[in-house]
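Residues in the sequence shown are numbered consecutively from 0, following numbering that gives the first Met the number 0. Heads up, the beta-carbon is just placed ideally off N, CA and C, and yes, glycines get one too. One structure is given here, and the rest of the page talks about it.
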Amino acid sequence: MTIKKAILKTMLVPVLAGASVLTMAAADDNFISIGTGGVTGVYYPAGGSICRMLNKERKVHGIRCSVESTGGSAYNVNSIRSGELEFGVAQSDVQASALAGVGQFTGNPYPELRSVFSIHPEPIHMMARADSGITTFEDLKGKRVNIGNPGSGNRAMMDLLMSERGWTKETFRIAAELKSSEQAQALCDDKFDVTIWLSGLPNGSAQEATTTCDVNMIPMNDLVSKAILKEHGEYSSVIIPGGMYSGNEEDIETFGPKATLVTSSNVPEQVVYQLTKSVFENFNSFKRLHPAFKRLNPEDMANTALVAPLHAGAAKYYREMGYIK
Numbered sequence: 000m001t002i003k004k005a006i007l008k009t010m011l012v013p014v015l016a017g018a019s020v021l022t023m024a025a026a027d028d029n030f031i032s033i034g035t036g037g038v039t040g041v042y043y044p045a046g047g048s049i050c051r052m053l054n055k056e057r058k059v060h061g062i063r064c065s066v067e068s069t070g071g072s073a074y075n076v077n078s079i080r081s082g083e084l085e086f087g088v089a090q091s092d093v094q095a096s097a098l099a100g101v102g103q104f105t106g107n108p109y110p111e112l113r114s115v116f117s118i119h120p121e122p123i124h125m126m127a128r129a130d131s132g133i134t135t136f137e138d139l140k141g142k143r144v145n146i147g148n149p150g151s152g153n154r155a156m157m158d159l160l161m162s163e164r165g166w167t168k169e170t171f172r173i174a175a176e177l178k179s180s181e182q183a184q185a186l187c188d189d190k191f192d193v194t195i196w197l198s199g200l201p202n203g204s205a206q207e208a209t210t211t212c213d214v215n216m217i218p219m220n221d222l223v224s225k226a227i228l229k230e231h232g233e234y235s236s237v238i239i240p241g242g243m244y245s246g247n248e249e250d251i252e253t254f255g256p257k258a259t260l261v262t263s264s265n266v267p268e269q270v271v272y273q274l275t276k277s278v279f280e281n282f283n284s285f286k287r288l289h290p291a292f293k294r295l296n297p298e299d300m301a302n303t304a305l306v307a308p309l310h311a312g313a314a315k316y317y318r319e320m321g322y323i324k
């Protein structure tokens, strides 16, 4: 869904003398959409939370926000590029790949991609059936593995983990390509042995799997994982606390990217400014909308894991608040 012409016409109204911010006429037909992920993950409520903050004052700024469940990070970036979405939630590593034209974006870089803010860390959840015999990532060879649906952040991470080891889909007995929303049930139904997904803490699919069947969380702290951390600044180490998921009482050492909100340089500055302002000026309310937001810090969100350049609208607000120079 694209921004209606009414927004663009409003943006062209001359600024009144002495006014520092362009006032957008309120109108119910000014829409933006945020692409997220599967409804059981954290992206969907994250997008919904952002829309909720923006929609609280839609009678003032004239922007109505809606959230869409999508295929995930890469899908969202491509849909922003095509104009189907104005904003999307995407992993920080997907930002990096899109800008450079590598990985899923090989030969097709997206220099117009822009950052708005980072959200929560997204550690790798590697979940294996207890009867699979899997205790490390290396044990996946010859197993039934869900490598994630094409276009998703999960698939992008799995592709990197496989590439670093020289593996292909033929390395596995089965290489399934299920969506995040399908993984937990399929794992418990013995359709495959192991799956990984990237998500904020706690993750609904991981909770579903660990409470439905006997599933173990597998650490991601081997030498290859450590090499990836050293080479890729968009990732960081994360500890999944023991007891967060049923039957897994020990801390799990893993790593992952951060979820970020991205947009296009073609989206008007005032739209991005207003969205950013709505979230940060209602920050305490925003943090209460999901457990994954509990440890968020405004200055960190304005400065960390933002691989793509900041959108001018977000940068304008951060300078006003002193978060950036």
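Pairs of beta-carbons, one from the stretch 95-103 and one from the stretch 181-195, closer than 8 Å: are there three or more? no
Can you say whether G241 is buried or exposed, counting buried as having 16 or more other CB atoms within 10 angstroms of its CB? Within the sequence shown, numbered from 1, the residue matching residue 241 stands at position 242. G241 comes out exposed.
G147 to R154, Cα distance in whole Å? Counting from 1 along the sequence shown, the entry for residue 147 is found at position 148. Counting from 1 along the sequence shown, the entry for residue 154 is found at position 155. The alpha-carbon atoms of G147 and R154 are separated by roughly 5 Å.
Figure out for me which residue from P297, M243, T303, S72 has the closest Cα to the Cα of F282. Within the sequence shown, numbered from 1, the residue matching residue 282 stands at position 283. The candidate whose alpha carbon is nearest that of F282 is P297.
Hey, out of V266, P108, S180, N265, whose CA is closest to T69's CA? Taking the sequence shown and counting its residues from 1, one reaches residue 69 at position 70. The shortest C-alpha separation from T69 is found at S180.
Should I173 go down as buried or exposed, given a rule of 16 or more other Cβ atoms within 10 Å for buried? The residue you call residue 173 lines up with position 174 of the sequence shown. Per the 10 Å Cβ criterion, exposed.
If we count the other Cβ atoms within 10 Å of its Cβ and call it buried at 16 or more, is P110 buried or exposed? The residue given as residue 110 occupies position 111 in the sequence shown. By the neighbour-count rule (16 or more Cβ atoms within 10 Å), P110 is not buried but exposed.
By Cβ distance below 6 Å, which residues in the same chain neighbour G141 in space, the five residues on each side in sequence not counted? Along the sequence shown, one-based indexing puts residue 141 at 142. Result list for G141: R172, in chain order.
Own chain residues within Cβ distance below 6 Å of G152, not counting five before or after: Walking along the sequence shown from the start, residue 152 turns up at place 153. If we look at G152 and ignore the five residues flanking it on each side, its Cβ neighbours are G71, S72, Q90, V93, L197.
Secondary structure of C212, DSSP reduced to three states: Stepping through the sequence shown from its first residue, residue 212 is reached at position 213. C212: coil per DSSP, three-state reduction.
Looking only at DSSP bridge pairs, what is G67 linked to? As a first step, residue 67 is located in the sequence shown; it is residue number 68 there, counting from the start. For the sequence presented, residue 67 should be read as Glu rather than Gly. According to DSSP, which records beta bridges pairwise, E67 is partnered with G34.
Using C-beta distances below 7 Å, list every residue in its chain close to K301, excluding the 5 sequence neighbours before and after it, in chain order. Here residue 301 corresponds to residue number 302 of the sequence shown, with the count starting at 1. For the record, residue 301 in the displayed sequence is Ala; it is not Lys. Hits under 7 Å: F116, Y317, Y322, I323.
So what's G147 in DSSP terms, helix, strand or just coil? In the sequence shown, the residue the question calls residue 147 occupies position 148. Shown here, G147 sits in coil according to DSSP, grouped into three states, outside any helix or strand.
Which two residues bound the contiguous alpha helix (DSSP H) that contains H60? Locating residue 60 in the sequence shown gives position 61, where the first residue counts as 1. Element bounds for H60: 57-60.
Continuous beta strand (DSSP E) assignments of at least 3 residues falling wholly in the stretch 210-268: The qualifying runs are 214-216, 235-239, 251-255, 257-263.
Just the Cα atoms here: how many angstroms apart are I133 and M216? Taking the first residue of the sequence shown as 1, we reach residue 133 at position 134. Taking the first residue of the sequence shown as 1, we reach residue 216 at position 217. Using only the alpha carbons, I get a separation of about 10 Å.
Just the Cα atoms here: how many angstroms apart are L295 and I118? The residue labelled residue 295 in the question sits at position 296 within the sequence shown. The residue labelled residue 118 in the question sits at position 119 within the sequence shown. If you take the alpha carbons of L295 and I118, they lie about 7 Å apart.
Thinking S114 and H289 are a contact (beta carbons under 8 Å), I'd like their distance in whole angstroms, please. Within the sequence shown, the letter at position 115 stands for residue 114. Within the sequence shown, the letter at position 290 stands for residue 289. 21 Å between Cβ atoms; not a contact.
Of the choices L84, E85, T209, whose alpha-carbon is the least far from that of R128? Mapped onto the sequence shown, residue 128 falls at position 129. Cα-wise, what sits closest to R128 is T209.
C-beta neighbour in chain D for Y322, strict 8 Å: Here chain D cannot be found, since the structure has a single protein chain.
Mark A226 as exposed unless 16 or more other C-beta atoms lie within 10 angstroms of its C-beta, in which case mark it buried. Counting from one through the sequence shown, the residue named residue 226 turns up at place 227. Burial call: exposed.
With which residues is P108 paired in a DSSP beta bridge? Reading the sequence shown from its first residue, position 109 is the one you call residue 108. BP columns for P108 are empty, so no partner.
For G232, is the classification buried or exposed, using 16 other Cβ atoms within 10 angstroms of its Cβ as the cut-off for buried? Here the question's residue 232 lines up with position 233 in the sequence shown. Exposed.
Rounded separation between A307 and A95 - CA only: Position 308 of the sequence shown holds residue 307. Position 96 of the sequence shown holds residue 95. Rounded to the nearest angstrom, the two C-alpha atoms are 7 Å apart.
Report yes if the C-beta distance between Y244 and A205 is below 8 Å; otherwise report no. Residue 244 sits at position 245 when you count from the first residue of the sequence shown. Residue 205 sits at position 206 when you count from the first residue of the sequence shown. Against a cut-off of 8 Å, the Cβ pair of A205 and Y244 comes out as a contact.
Reference L305; option with closest CA among T135, A97, E67, R287: Here residue 305 refers to the residue found at position 306 of the sequence shown. The candidate whose alpha carbon is nearest that of L305 is A97.
Do S32 and E56 have their beta-carbon atoms positioned less than 8 Å apart in this structure? Position 57 of the sequence shown holds residue 56. Position 33 of the sequence shown holds residue 32. By the CB criterion at 8 Å, E56 and S32 fall outside the cutoff.
How should V223 be labelled, buried or exposed, when 16 other C-beta atoms within 10 angstroms of its C-beta is the threshold for buried? As a working mapping, residue 223 is identified with position 224 in the sequence shown. It is exposed - the Cβ of V223 has fewer than 16 other Cβ atoms within 10 Å.
Give the single residue among Y42, D158, A313 whose Cα lies nearest to the Cα of F292. As a first step, residue 292 must be located in the sequence shown, where it is residue number 293. Measuring from the Cα of F292, the nearest candidate turns out to be Y42.
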